[in-house]
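Chains as they are written, first to last, in the working numbering: chain A, -2 to 128; chain B, 3 to 387; chain C, 6 to 266.
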Amino acid sequence: MYDGGKIIAGLLIGLVLLTFPFWYNLGKAAKLPEPKLAPEAQKAKQCVESKEYMAAHHMQILNKWRDDVVRKRYRIYIGLNGKEFNMSLQNECMKCHTSKKEFCDQCHNFVDVKPYCWECHLEPKEAKEGK
Amino acid sequence: MFEKAFVGGKRYWGLVLFWSVFVVIGFLFYLWQLKVGLKLTGMSRDVSWGFYIANFTFLVGVAAGGVMVALPCYLHNYKKFARITVLGEFLAVAAVIMCLSFILVDLGRPMRVLNVLLHPTPHSVMFWDMVVLNVYLIINILIGWKALDCERNEIAPPKWVKFLAYFSIVWAPCIHIVTAFLYSGLPGREFWLTPLMAPKFLAGAFATGPAYLILFCLIIRKYTKFDPGKEAIQTLAKIVAYCTIITFCFFLFEVFTAVYSNIPGHLNHLKYLFFGLEGHAKLVPWMWAFFFSLFIAIVLLVIPSLRRDEGVLAIACLLVIFGCWIDKGLGLICGGFIPNAFDKVTEYWPTFPEFMISLGVWALGFLILTILYKVALSVKEQIGE
Amino acid sequence: MGMDRRRFIKIAGVSIMGLSLKPAVDLVDKLDASEVRVLHNPKALKGKRWAMIVDTRKCAQCKRCTAIEACHHFHNVPQIPDPKREIKWIWEDSFEHAFPELATRGEEQLSENIKKRPFILMCNHCEHPPCVRVCPTQATFQREDGIVMMDMHRCIGCRFCMAACPYGSRSFNWMDPRPYIKKENPEYPTRTKGVVEKCDFCAERIDQGLLPICVEACKSKALIFGDLGDPNSEVNRILKEHFTLRRKAELGTGPQVYYII
């Protein structure tokens, strides 16, 4: 093998870089997410779809809603059991899930995604609830 | 073949390092812009495009101008250019990459740029501009690389290369015509609303592209063993001469229409550029610099004895590049936006970060050009041309 | 032709790249399968061509425009002091700036009365909107009722629409607008840095059966909103009775904001 030393050194560096995320996070077991349902949500009992479906697909629903509302003028979503919902993150979703911190952020932080919904859409004021 | 980019003398690596430094600095400034938004630039509600789009427009011209070596070579069988077509193709590659980068740094939300592909919109000229530029980039990479590879192996290039070469000759003007259509189809921007936009763009392109190539040829001959040929350089010089004259004439035609018709909507933009309006005159020295640099360049280029002197020729080429860069750059953008839709004047001047980001994009282009030219010239030196 | 190592690696590489597409394809499949259960709001106002009439005679009597204040508060429009970075959906300007081609520089013949009047400007919701024509992503589009709408989710911030608009109706978010919003309206989103915005005739209110907020908030009833597609509408009646101007109508854009002089 020509340049054996260089090749092996290169491979080693490559291996270290490749496994960097693993040993960087070693010993820092992330806390399992605990999304808390606000009292408003508990009272409503039922979201627009089943809990399992929402956990897996809420991002697709929201993605579809935003086109439906802005581009196709649909404002009403017929949820499970035929209940009608106003298709609005700010004026419907967050009326039940009143705390972004206790609900949305729990899982989003765990999987380290930062949806930019909140760059425009206002989250409910948390400070008021604290008092 | 690419391995030739990794072996080189001190001069080559020095040049690579030089461009890389500016690329890194520019990129750092870009990260800053990404974080805080385009408020870092001098653009405003009234002048909503600026230095980025100005450089973009100019560089589309440079990219299209590369065709002026391929066209005589392939269509007129002008053998003197056969040795340097690859220089034109690689220049086009570098220029188009700069164009695309300038568009990217100009976007408010660059992360969403693929929306253009996700929601293709045939009635938008911007969509077509993206299509023509990317296609042009790909065909130039393919032609340049394959032709060079065949040259290295001393075999005739395959048929598809020749087919693509013809195709790119037609495609090259298209990229600049479509870029002109970005501007010339907008109601209410009288300065841009002229069918002369596309021809003027093309004339300028066919002056600046070959002007760059002449400069590169002169540099290459000085520092490498490859000689592009005196006659090839002189033919390019004639192309630059004619196209610069046409560009200048088109400019004068525009002035005539505006001045003789005396329609304020047309006249005010030119007044702002060359004399200032309501006490705002930031671009006045620049526009006169454009005027005189093209004028002097024409004098130097049309007199045969001067043109044959390669020192004078180099100066003339620099003047052409500089003049067209002002005219097709800030002159075009600011002229179009000032005065604005309310007949008010809001001036524009690039800020320091904006300038550094632009410099970074230019350096990126020249870095790519340096590497591509290094590969091409190594091949040419190897086969002993 | 035999296969050498180089060729094998090339083919293998491309195949692996192909595999990486699979999750994306799966996702699209799943989306298509999700049920479509959406309705329009039955209270939504229906129109064929919404238009606005501005009675500038009434505007002349006002000192403070409550319509502008209401709009900008409702839509969370930031108050940015630097005019270069300004964002506005509806604003006032003088006759000579609103109609520069009618009042070219230096002409003094205008009646004092008109010179002093404020002109309320906003998006003209053109019949043939140049901004919609140039947008490369259809982020700005025209609804069936004529409203020229912005989809903030899709805008890439190329600002081609700002170059195309002959009315200066569009504003770009040169920075994060939130620090400049004094009191947020929790019912409406803000915008984010890097997107273009403008008046949308309160499309979301129309879809819920309400009039645009500016029309509702104007104290002197100077703003009249209605459907030009309905021959019996109030706007059609007013247009028949009054001489009105439209900004730069000669450009063929078909602006839908009419000014009673």
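Virtual Cβ for every residue (Gly too), placed ideally from N, Cα, C. Bear in mind the structure is a predicted one, so any value in this text is a computation, not a measurement.
- Between the stretch 237 to 256 of chain B and the stretch 355 to 372 of chain B there are fewer than three inter-stretch CB-CB distances shorter than 8 Å, so the stretches are not counted as touching.
- Note on geometry: alpha-carbon atoms of residue 67 (chain A) and residue 103 (chain C) lie some 30 Å from one another.
- When the beta-carbon positions are compared, residue 118 (chain A) and residue 194 (chain C) come within less than 8 Å of each other.
- Going by DSSP, residue 180 (chain C) is part of no beta strand (DSSP E) at all; its letter is neither H nor E.
- Beyond the five residues adjoining it in sequence on each side, residue 152 (chain C) comes within less than 8 Å, by CB distance, of 55, 130, 205, 206, 208, 211 in the same chain, given in chain order.
- Contacts with chain A at 8 Å (Cβ-Cβ) include residue 195 (chain C).
- When C-beta distances to chain C are compared with 8 Å, the residues of the stretch 108 to 137 of chain B below that value are 108, 109, 110, 111, 112, 114, 115, 117, 118, 120, 121, 123, 125, 126, 127, 128, 129, 132, in chain order.
- In the structure shown, residue 59 (chain B) falls within a helical segment according to DSSP collapsed to helix, strand and coil.
- The continuous alpha helix (DSSP H) containing residue 25 (chain B) extends over residues 12 to 38.
- Its Cα nearest to that of residue 83 (chain B), the residue B:241 stands out among B:241, B:137, B:140, B:38.
- For residue 45 (chain C), the enclosing beta strand (DSSP E) covers residues 43 to 45.
- If you draw a straight line from the Cα of residue 222 (chain B) to the Cα of residue 9 (chain B), it comes to about 17 Å.
- Checking the DSSP bridge columns, you'll see residue 235 (chain C) has no partner listed.
- Closer than 8 Å to the CB of residue 117 (chain A) there is at least one CB belonging to chain C.
- Rounded to the nearest angstrom, the gap between the Cα atoms of residue 3 (chain B) and residue 24 (chain B) is 27 Å.
- Look at residue 96 (chain C) here: in three-state DSSP terms it is strand.
- Residue 38 (chain A) is positioned such that its CB atom lies closer than 8 Å to that of residue 93 (chain A).
- Proximity to residue 137 (chain B) across B:185, B:65, B:306, B:45 peaks at B:65, based on C-alpha coordinates.
- For residue 147 (chain C), the enclosing beta strand (DSSP E) has its first and last residue at 145 to 147.
- About 16 Å separates the Cβ atoms of residue 47 (chain B) and residue 97 (chain C), ruling out a contact at the 8 Å cut-off.
- Fewer than three beta-carbon pairs drawn from the stretch 41 to 54 of chain A and the stretch 130 to 147 of chain C are found closer than 8 Å, and the two stretches are therefore not classed as touching.
- At least 8 Å separates the beta-carbon of residue 82 (chain C) from that of residue 264 (chain C).
- Nearest CB-CB separation between residue 244 (chain C) and chain A: not below the 8 Å threshold.
- Residue contact with chain B for residue 124 (chain C): absent (no Cβ-Cβ distance below 8 Å to any residue of chain B).
- Residue 34 (chain B) and residue 199 (chain C) have their alpha carbons spaced roughly 14 Å apart.
- Counting along the chain, the unbroken beta strand (DSSP E) around residue 74 (chain A) starts and ends at 71 to 75.
- In the three-state scheme derived from DSSP, where H, G and I count as helix and E and B as strand, residue 23 (chain A) is classed as coil.
- Counting along the chain, residue 126 (chain C) sits inside the beta strand (DSSP E) bounded by residues 124 to 127.
- With a contact defined as Cβ atoms closer than 8 Å, residue 262 (chain C) and residue 74 (chain A) miss out at about 34 Å.
- In the structure shown, residue 108 (chain A) adopts coil according to DSSP, grouped into three states.
- DSSP lists C:57 as the beta-bridge partner residues of residue 230 (chain C).
- The three-state secondary structure of residue 168 (chain B), taken from DSSP, is helix.
- A residue is called buried when at least 16 other Cβ atoms come within 10 angstroms of its Cβ; residue 6 (chain A) does not meet this threshold and is exposed.
- The residue among B:167, B:378, B:326 with its C-alpha nearest the C-alpha of residue 58 (chain B) is B:326.
- Contact of residue 103 (chain A) with chain C by beta-carbon distance below 9 Å is absent, the smallest such distance being about 22 Å.
- If you check the CB distance, residue 182 (chain C) and residue 128 (chain B) do not come in under 8 Å.
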